[in-house]
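Input: a single structure, listed below in structure tokens.
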Amino acid sequence: MTTLRKDFLWGGAVAANQIEGAWDADGKGPSVADMCTAGNADTPKRVTTVIEPGVRYPSHEAVDFYHHYEEDIALLAEMGFKVFRTSINWTRIFPTGMETVPNEAGLAFYDRVFDCLNRHGIEPLITLSHYEMPYALVESYNGWESRAVIDHFMRYVKTVFDRYQGKVKYWLTFNEINAGTMPMGAVLSTGTIRGYTGPVTAVPDDPGSRYQALHHMFLASAEAVSLAHAHYPDYRVGNMICFVPAYPMTCDPADILAAEEQMREFNWYAADVQVRGEYPAFAEKLLRDKGVVLRTEPEDAEILKSGTVDFFTFSYYMSTCVSAKADDKTAAGNLIRGEKNPYLSASDWGWQIDPMGLKYSLDAITDRYRIPVMVVENGLGARDVVEADGSIRDEARIAYLRAHIEAIKDAAADGADILGYTPWGCIDLVSASTGEMAKRYGFIYVNKQDDGSGDMSRSKKASFDWYKKVIASNGEDLD
Ligand code: BGP
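Counting in the numbering used here, the sequence shown runs from -14 upward without gaps.
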């Protein structure tokens, strides 16, 4: 017997900078993502201060959703999608982030995309900022470190909230906002990288600027929620956390505490602010231990308190293990590394596969907050093989998704109010961590390769028909 809601939102997720391409079309300005070169599992991608000639920047063309969106959305509709998560590329609307008048061509593009989704009966779920802040704001302000960026962001939010009334109902503020608690988040999320050229994994770490930036992002997120609640009664606004369960490596109490500490810093610090509207009790010591003193204003507490989210969303790819002693950190992950878990297998990129960890996460979030929750990213990044007859038998991806859907059903049976599930990269796209095309997640294959070759044609993988069946049966038929 299924335990999922009848109106469960089945769909998939992408981000503008990883799928659209057309990076400088129709007045669009460069975002941080557009300044990142290609990399791979062994060589990290680099962020540059200027576009270097002869170097490949994968977001510039991506998989050209900008010109293929009609065909792509028709395929999503064929699978029975109820919801499609994408982001608005802030620099299509405000090319430097600092203009006072929006770029009409950018706004018109998203009108076309949202109209197309609505024609197919697919609900857009829109992330306001998915690792694509205007690069000019990095140059002018060191990204979110400056409080001035909040006003620029809010001008953008007001513009898109006004424009897409009646077309969009579900919004998320910042993708994986807790990225800012990790050094990698400086490039992807907080934009605190003024003047830096080099590997994204080697940015000189400055917790002071990252946590200050994060504070400004919390305020901006809360202001966006408050704006929606005050003026757009139909809108529902959620947060978005990169949720990575931290398991103690052993039952040594020191490991239990070390894991708890990581759960607090990585998962709960940001989530508590967005859901409860205040910093958790442990925040003061956490910041003190890092030597961080936040610059705040007297009104901040009230801003955070009045802008709490309507629902909780998160990405889930892996769990990790924490040890108080050993510190080999050999298990990879999107934002955080950990110890290897001997009970789990891993993807080709070393991300540990743990469906039970998804149930653990859903239960933990529900126990802590008891608000509706949605899994807005999950999936297996893998190398796909195109057979001689053109077919792609991505059985490993199907097995991965099947096990994770089972976990969602188990958590729903436990009482979690789960709104929907949008597996990541439903159409193949550029990897956020490595900039590769080879790391594919999609139900829909895109013929675009890492050397830039490929005719961009779309084809269905075996998982396409499988997921169609899953959706049609509301998660009953997972065979
Ligand atoms: C998340 C990001 C996504 C996405 C995903 C998969 O952290 O929100 O943008 O890319 O991870 O990661 P990757 O593309 O590195 O495989």
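The C-beta atom is built at its ideal place from N, Cα and C for all residues, glycine as well.
- Excluding the 5 residues flanking it on each side, residue 209 has same chain C-beta neighbours closer than 6 Å at 142 and 158, in chain order.
- Checking the 8 Å criterion, the Cβ of residue 0 is within range of a heavy atom belonging to the ligand BGP.
- Here residue 457 is exposed: its Cβ has fewer than 16 other Cβ atoms, across all protein chains shown, within 10 Å.
- For residue 59, the closest of -5, 101 and 8 by C-alpha to C-alpha distance is 101.
- DSSP, reduced to helix, strand and coil, places residue 17 outside both helices and strands of the structure shown, so it counts as coil.
- With a beta-carbon spacing of about 14 Å, residue 341 and residue 229 fall beyond the 8 Å limit used to define contacts.
- Boundaries of the beta strand (DSSP E) harbouring residue 71: 68 to 72, taken from the DSSP string.
- Judged by the Cβ position, residue 71 fails to qualify as a neighbour of the ligand BGP at the 8 Å threshold, every heavy atom of the ligand being at least this far.
- For the pair of segments examined, the segment 109 to 116 was found to touch the segment -11 to 5: the number of CB pairs separated by less than 8 Å reaches three.
- Looking at the backbone, the Cα of residue 15 and that of residue 119 are separated by about 6 Å.
- Uninterrupted beta strand (DSSP E) stretches at least 3 residues long and entirely within the segment 195 to 274 occur at 221 to 223 and 231 to 233, given in chain order.
- Exposed is the label assigned to residue 242, since fewer than 16 other Cβ atoms lie within 10 Å of its Cβ.
- Judged by DSSP secondary structure, residue 298 falls within the beta strand (DSSP E) whose first and last residues are 297 to 300.
- Judged by the Cβ position, residue 417 qualifies as a neighbour of the ligand BGP at the 8 Å threshold, a heavy atom of the ligand being closer than this.
- Secondary structure of residue 94 (DSSP, three-state): helix.
- In this structure, residue 92 and residue 148 form a Cβ contact; the two beta carbons are roughly 6 Å apart against a cut-off of 8 Å.
- Closest in C-alpha terms to residue 163, from the list 140, 285, 407 and 255, comes 255.
- Rounded to the nearest whole angstrom, the C-alpha separation of residue 124 and residue 194 is 15 Å.
- Residue -4 is bridged by DSSP to 68.
- The beta carbon of residue 190 sits closer than 8 Å to those of 168 and 171, all from its chain and outside the five residues before and after it, given in chain order.
- The bridge partners DSSP lists for residue 337 are 331.
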